[in-house]
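Asks:
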Amino acid sequence: MMKTTFRLMVLVTVVWALFLTASAAISFLVLPVINNEVPSPAASTARVVLGVAVFGVWVYVWHLIAELWLYRVLARRR
Amino acid sequence: MSSLQAVAVGVVTGAALTAALLPVSKHVSRRLGCVGLDIHKAAPTPIPKLGGLAVAAGSVAGFMVFIQDVRIAAALLGCVLTAAAIGLLEDFRELNPVLKPGLIAIAGIPIIAAGIYTPNPQIPFVGAARLTIVYPLLVLAGFAVLCNAVNSIDVLNGSMAYSSIPPLLALSTVAYIEGRLQVLGISLVLAASLAVFLTQNKYPAKVFAGNVGSLFVGAVITYVAIVGRMEVVTIVAMMPQIMNEFHIIYSLRGLKSAKTASVRPVTVENGVLRANLEKGAPLTLLRMFSVEGVSERDAVNGMLVLSTYSSILSLVTYFLLIRGTT
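Respectively, the protein sequence lines represent chains A and B. With the working numbering, the residue at position 16 of the first sequence is 12, and numbering never jumps. To get the working numbering, take the position in the second sequence, counting from 1, and add 672.
In structure tokens form, the structure reads like this:
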């Protein structure tokens, strides 16, 4: 049980790092658009599309890591 | 009486009233036939499930000891009592899982109406963001996400209360450092009420919190996050609950009740919880904890350790990446 809890703490650490990275990346991309700091409509659109893409990748990777953790790390399946 | 003394009186009031009201809530539950089966026991027994009413009533009385501003009191009560009412409704009748987050989001309206939020969340590496138009929508989404997250972790004896107290203590620490005494008081009153509630809800539970309790707790934490300007700290502290909710939604491919999943995430045999390793089972935190087979008590202890760890991470986030940014 202690081993499982420790392994889940490592998972939470990975998820934490992912969250900080994704939130910073999305903010960096989208906040200037929200604050009208990007003059070109094309650049604004590109930033929003990239922000949505980062969000999508983050969500996908988050779940993928959790599944890997369950089957490969916790259950030790190959 | 100084502000800190008033907070201390509020904490004692909240805890004492919760203790006094717990037997009443059990009696009311039985009288109304609002009982739930303790399904993780070898011989499942019916348990009163409106213990959350005592937590809600005790906490609200504690809040009112130190909140003098009528506008703030109205917004706080509007939020948390709306969420509790939705939970109470669900305790009597299953809500549509698609409709439920929308209903819970309504609990955020009093904060927006009272204008007691600051639309400048502090984001690590970026600083304070200016989200004047978007922020009210995030307030509504915040209530839907956090209330459901707390609700979804309430699956074992004591799991909701044990996993909510460490984040509340982390939020109290940040609130104290930032000099936000009202949200400090609100966090401490709820933590004290939950600690009292645990005397009856820890393994083997004599009362459950019910949806009324878990949605109330989720709403108070969301209120503290928004009004106390601790959005990111709260998200990090509540990671185990949010992860649990997110993976259930993702693995069920949408907003569906985990109870309706064709493959159960965990099986119980002679009091031992064992993860179902079939691919179609919902991915829950309990399923991860029970991979090697675990007793209910050990699984809850694991959740407490994990919540304490994520609360420490939230303080690390605050001290290293948020404190001092404007």
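Heads up, the beta-carbon is just placed ideally off N, CA and C, and yes, glycines get one too.
1) So, F869 of chain B versus D826 of chain B, is the Cβ gap smaller than 9 Å?
2) At least one CB of chain B closer than 9 Å to the CB of F15 of chain A: is that the case?
3) How many angstroms separate the CA atom of R74 of chain A from the CA atom of A62 of chain A?
4) Pair every Cβ in the stretch 877 to 891 of chain B with every Cβ in the stretch 21 to 33 of chain A, then say whether three or more of these pairs are closer than 8 Å.
5) Mind checking which residues open and close the alpha helix (DSSP H) that includes I907 of chain B?
6) Distance cutoff 9 Å, beta carbons only. Does Y834 of chain B sit that close to anything in chain A?
7) Please report the distance separating the alpha-carbon of P808 of chain B from that of I776 of chain B.
8) Cα separation between A867 of chain B and T690 of chain B?
9) Quick test of the definition: if touching needs 3 or more C-beta pairs under 8 Å, does the stretch 835 to 845 of chain B touch the stretch 808 to 819 of chain B?
10) So P716 of chain B and T989 of chain B are in contact, right, with Cβ under 8 Å, and what is the actual spacing, rounded?
11) Whose Cβ in chain A lies nearer than 9 Å to the Cβ of M915 of chain B?
12) Using a beta-carbon distance below 9 Å, is F991 of chain B in contact with chain D?
13) Where does I795 of chain B sit, in a helix, a strand or coil, going by DSSP?
14) Could you work out which residues of chain B lie near T0 of chain A, taking near to mean beta carbons separated by less than 9 Å?
15) Kindly indicate if chain B contains any beta-carbon less than 9 Å away from that of L46 of chain A.
16) Anything in chain B within Cβ reach of S19 of chain A, meaning under 9 Å, just list it in chain order.
17) Could you check which residue in B:A785, B:V770 and B:I837 has the C-alpha nearest to that of L749 of chain B?
18) Would you say W65 of chain A faces chain B, with C-beta separation under 9 Å as the test?
19) Could you tell me which whole alpha helix (DSSP H) segments of length 4 or greater appear in the stretch 964 to 996 of chain B?
20) Once DSSP output is grouped into helix, strand and coil, what is the label at F800 of chain B?
21) Can you give me the C-alpha to C-alpha distance between I758 of chain B and V34 of chain A, rounded to a whole angstrom?
22) With respect to the beta strand (DSSP E) encompassing P716 of chain B, which residues constitute its N-terminal and C-terminal limits?
23) Once you ignore the five residues that flank L722 of chain B on each side, which residues in its own chain have a CB closer than 7 Å to its CB?
24) From A:T17, A:L64 and A:L46, pick the residue whose C-alpha is nearest to that of H919 of chain B; which is it?
25) Exposed or buried, which one is E766 of chain B when buried takes at least 16 other CB atoms within 10 Å?
26) Return no unless some Cβ of chain B is closer than 9 Å to the Cβ of S40 of chain A.
27) Alpha carbon to alpha carbon, what distance is there between G952 of chain B and N768 of chain B?
28) Considering Cα atoms alone, identify which of B:I788, B:G996, B:N829 and B:M975 is closest to I999 of chain B.
29) Jot down the residue ranges of each uninterrupted alpha helix (DSSP H) in the stretch 778 to 864 of chain B, minimum 4 residues, whole runs only, in chain order.
30) Terminal residues of the continuous beta strand (DSSP E) containing L4 of chain A?
31) When you compare each of B:A688, B:A897, B:L818 and B:S982 to I858 of chain B by their alpha carbons, which one comes out closest?
32) Based on Cα-Cα distance, which residue from B:A747, B:L853 and B:S929 lies nearest to S675 of chain B?
33) By Cβ distance below 8 Å, which residues in the same chain neighbour V50 of chain A in space, the five residues on each side in sequence not counted?
34) Return the residues of the stretch 800 to 830 of chain B that lie within a Cβ-Cβ distance of less than 7 Å from chain A, sorted by chain order.
35) Identify the residues that DSSP records as bridge partners of G708 of chain B: which are they?
Replies: Looking at the atomic coordinates:
1) no
2) yes
3) For R74 of chain A, the predicted structure reports a pLDDT of 47, less than 50, and the residue's modelled location is therefore unreliable. A value from the coordinates is still provided. Roughly 15 Å separates the two Cα atoms.
4) no
5) It spans E903 to A909 - the alpha helix (DSSP H) in which I907 of chain B sits, taken as one unbroken run.
6) no
7) 15 Å
8) Their Cα atoms are separated by approximately 10 Å.
9) no
10) Not really, about 40 Å apart at Cβ, beyond 8 Å.
11) L7, V8, V11, W58 and A62
12) Reference to chain D is not applicable here, since the protein chains of this structure are A and B.
13) In the structure shown, the three-state DSSP call for I795 of chain B is strand.
14) M960, F961, S962, V963, E964, V966 and G974
15) no
16) I795, P796, F797, V798, V904 and I907
17) B:A785
18) Between W65 of chain A and chain B, the shortest Cβ-Cβ separation is below 9 Å.
19) 968 to 989
20) Rather than Phe, the amino acid found at residue 800 of chain B in this sequence is Ala. Correct three-state label for A800 of chain B: strand.
21) Their Cα atoms are separated by approximately 42 Å.
22) From DSSP, P716 of chain B is part of no beta strand (DSSP E); its letter is neither H nor E.
23) S697, V700, S701, C706, D763, G882 and V884
24) A:L64
25) exposed
26) no
27) 22 Å
28) The displayed coordinates of chain B run from 673 to 998. Any statement about residue 999 of chain B would go beyond what the structure contains.
29) 781 to 786, 807 to 825 and 831 to 849
30) It is not in any beta strand (DSSP E) - L4 of chain A instead sits in the alpha helix (DSSP H) that spans M(-2) to I30.
31) B:A897
32) Taking the Cα of S675 of chain B as reference, the smallest distance to any Cα among B:A747, B:L853 and B:S929 is reached at B:L853.
33) A18, A21, I22 and L25
34) Among the residues of the stretch 800 to 830 of chain B, those with a Cβ less than 7 Å away from any Cβ of chain A are A801, R802, L803 and V806, in the order of the chain.
35) B:I719
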